[in-house]
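Quick note: the sequence shown uses our numbering, first residue 56, plus one each step. Each residue gets a CB set at the ideal place from its N, CA and C atoms; glycine is no exception.
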Amino acid sequence: MDKNTRFSSFGKWVAPINMKLFNEQVEKYHLDKYTKKLKTLSFTKLFLYAHLNQMESLHDLNTALADEGLQKELGFKSISVSQLSRKNKSMDPEFLSTIFLELVRLIHLKTDKRKRMNPIKIIDSSTMPLNLTRCQWAHFRKSKAGVKLHLRLVYVDQELVYPDKAIITNAAEHDRNQLEILVDDKDAMYVFDRGYVDYERFDRYTDDGVFFLSRLKKNAVIREIETFDLPEDSSVTSNKMAYIGTTQKRCDNVFRIIETVDSKGQLLRLITNRFDLTADEIGDLYRSRWAIELFFKWLKQHVKIKTFFGYSEEAVHNQLFLALITYCLNVLIQLETKSKQTLLQITRWLKRTIWRPARVWLSYIVPSGIP
């Protein structure tokens, strides 16, 4: 009997979770101390099931246990809403962050051969609104509350992107403040929007050999040094070397300033410290930034982060890390099977075959045969 017969489709999906590390972290954070029924593994599986099925509330999770397949997977037939709530808000989010990063490591290993010399890493953030009355800890405007998910996304190619670092802060936190954590690899090419513009940091990146590409703000002061010729068929309208900033406060290094247009015909003025690429290659690199917009859209549409199962800081952070784990598990099965199906289609087949043998699910996502 092979592993795809022994596993249910759900079991196959969660199989990449490193159980040795999982159990070590449970011990480290004392997560199952005094716990008789809702152990951390059952909690994690149940909430991944909730993301998969985009469940609305803890009450939905409570009634989902009428499913005999779910009962068998978790090892119990019922659980109270109060027990779910207590576990959700008592777990340290660092635990799930560690599990997420281990899955990222597995994706790194499986995609090494597809990566280019300077892998593209896109940085951006997305704000998740919260109920101010229930989430005073996340207050950031007069009548609003929210958290911000700061994310670094690896762009392998048009078919494959995945998150490899995530930071969750209060929504009031400025994006630039997270760059020190998100930019940590000299072998990567970082792409971000004008919300991250910081001339002093750009100088430091250049001195340290860190490559970046960003959109400039409209009011940026540029002192041109040299203009480069462009091919006749170029989509770029301007390619210059210049200093950035006023004479009183400017960068010490010279940068490359490129003007091009986006898909809507709007002017984009870009800054980079890469002089080895063509102007059109730089323009195409910046357009890859759209992948992170699509990623956030995918999260908001296909897992559960528009509303939350709990209102404590821990509960909200845990739900976001579980959403990222859900995405990574989908990527890992796509890589393992070399499936040409989209992540959405893979998820749809999983939900339809969830307690059947894994080979049934795999036969749908890899029609030519199970690898």
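| query | With which residues is His194 paired in a DSSP beta bridge? | reply | Sequence index remark: in the sequence shown, residue 194 carries index 139 (1-based). In DSSP, His194 forms a bridge with Ala200.
| task | Could you pull the start and end residues of the alpha helix (DSSP H) that Arg259 belongs to? | result | Within the sequence shown, the letter at position 204 stands for residue 259. Here the alpha helix (DSSP H) through Arg259 covers Tyr254 to Asp263.
| said: Suppose the cutoff is 6 Å on Cβ atoms and the five residues either side in sequence are ignored; what does the same chain contact list for Ala200 look like? | reply: Counting from 1 along the sequence shown, the entry for residue 200 is found at position 145. If we look at Ala200 and ignore the five residues flanking it on each side, its Cβ neighbours are Leu185, Leu187, Cys190, Ala193 and His194.
| From Lys319, Ala275 and Asp331, pick the residue whose C-alpha is nearest to that of Phe283; which is it? | For the purposes of this step, residue 283 is identified with residue 228 of the sequence shown, where counting begins at 1. Checked all of Lys319, Ala275 and Asp331; the closest Cα to Phe283 is Asp331.
| Contact check, Ala346 vs Ile177, beta carbons under 9 Å | One-based indexing of the sequence shown puts residue 346 at position 291. One-based indexing of the sequence shown puts residue 177 at position 122. Their beta carbons are under 9 Å apart, which means Ala346 touches Ile177 by this criterion.
| task | Use the C-beta contact count for His85: other C-beta atoms within 10 angstroms, 16 or more gives buried, fewer gives exposed. | result | Here residue 85 corresponds to residue number 30 of the sequence shown, with the count starting at 1. His85 comes out exposed.
| request: Leaving out five residues on either side along the sequence, give the residues of the same chain with a beta carbon under 6 Å from the beta carbon of Lys295. | output: For the purposes of this step, residue 295 is identified with residue 240 of the sequence shown, where counting begins at 1. Excluding sequence neighbours, Lys295 sits near Glu279, Thr282 and Ile312.
| said: Extract the residue ranges of the alpha helix (DSSP H) inside the segment 80-111, only unbroken runs of 4 or more that lie entirely within it. | reply: 95-107
| In this structure, does DSSP put Lys295 in helix, strand or coil? | To locate residue 295, count along the sequence shown from 1; it is residue 240. Note: Lys295 maps to strand in three-state DSSP.
| field | Sequence-distant residues of its chain with Cβ nearer than 7 Å to Met56 (five each side left out) | value | For the purposes of this step, residue 56 is identified with residue 1 of the sequence shown, where counting begins at 1. At Met56 the pLDDT is 40, less than 50, meaning the model places this residue with poor confidence; the figure from the coordinates comes in the next sentence. Once the five neighbours on either side are set aside, Met56 has no close Cβ partner at all.
| Going straight from the alpha carbon of Val252 to that of Glu235, what length do you get? | Translated into positions along the sequence shown, residue 252 becomes position 197. Translated into positions along the sequence shown, residue 235 becomes position 180. Approximately 13 Å, taken between the alpha carbons.
| message | Measuring straight from C-alpha to C-alpha, what distance separates Leu113 and Leu271? | response | By 1-based counting over the sequence shown, the position of residue 113 is 58. By 1-based counting over the sequence shown, the position of residue 271 is 216. Between Leu113 and Leu271, the C-alpha separation is close to 44 Å.
| message | Less than 9 Å between the C-beta atoms of Lys100 and Glu79, yes or no? | response | Residue numbering aside, residue 100 sits at position 45 when the sequence shown is read from its first letter. Residue numbering aside, residue 79 sits at position 24 when the sequence shown is read from its first letter. No, these two residues do not count as a Cβ contact at 9 Å.
| message | Taking 9 Å as the threshold (C-beta atoms), are Trp404 and Tyr419 in contact? | response | As a first step, residue 419 must be located in the sequence shown, where it is residue number 364. As a first step, residue 404 must be located in the sequence shown, where it is residue number 349. Contact: yes.
| Bridge partners - His205, DSSP secondary structure assignment | Position 150 of the sequence shown holds residue 205. Ser180 and Ile222.
| field | CA nearest to the CA of Phe247, picked from Phe267, Asp258 and Met110 | value | To locate residue 247, count along the sequence shown from 1; it is residue 192. Comparing Cα positions, the closest option is Phe267.
| query | DSSP three-state call for Pro71: helix, strand or coil? | reply | Translated into the one-based positions of the sequence shown, residue 71 becomes position 16. DSSP places Pro71 in coil when its eight states are reduced to three.
| request: Within the segment 282-340, note down every full beta strand (DSSP E) run reaching 3 residues or more, in order along the chain. | output: 291-299, 310-316 and 322-327
| Identity of the residue in Phe150, Ser367 and Asp262 nearest Asp87 by Cα | For the purposes of this step, residue 87 is taken as residue 32 along the sequence shown, with counting starting at 1. With distances taken between Cα atoms, Asp87 lies closest to Phe150.
| field | Own chain partners of Met146 with C-beta closer than 8 Å, once the 5 adjacent residues on each side are dropped | value | Residue 146 sits at position 91 when you count from the first residue of the sequence shown. The answer, listed in chain order, is Tyr84, Leu86, Thr95, Phe98, Glu369 and Asn373.
| Under the DSSP definition of a beta bridge, which residues are partnered with Met5? | Outside the shown range of the chain, which is 56 to 426, sits residue 5, and nothing can be said about it.
| request: Report the residue ranges of all alpha helix (DSSP H) runs contained in full by the segment 114-159; include only those spanning at least 4 residues, in chain order. | output: 123-129 and 136-145
| said: My output table needs one value for Arg403: the three-state DSSP class, helix, strand or coil. | reply: Here residue 403 is taken as the residue at index 348 of the sequence shown, counted from 1. Three-state DSSP puts Arg403 in a helix.
| N-terminal and C-terminal residue of the alpha helix (DSSP H) that His372 is part of | For the purposes of this step, residue 372 is identified with residue 317 of the sequence shown, where counting begins at 1. It spans Glu368 to Thr392 - the alpha helix (DSSP H) in which His372 sits, taken as one unbroken run.
| field | C-alpha gap between Tyr254 and Cys306, whole angstroms | value | Here residue 254 refers to the residue found at position 199 when the sequence shown is read from its first residue. Here residue 306 refers to the residue found at position 251 when the sequence shown is read from its first residue. Their backbone Cα atoms lie some 6 Å apart in a straight line.
| Short Cβ contact (9 Å threshold) for Asp167 with Phe351 | Sequence index remark: in the sequence shown, residue 167 carries index 112 (1-based). Sequence index remark: in the sequence shown, residue 351 carries index 296 (1-based). The answer is no: Cβ separation not under 9 Å.
| query | What residue from Asn274, Lys273, Asp240 and Gly250 has the CA that sits closest to Asp263's CA? | reply | For the purposes of this step, residue 263 is identified with residue 208 of the sequence shown, where counting begins at 1. Of Asn274, Lys273, Asp240 and Gly250, the residue nearest in Cα terms is Asp240.
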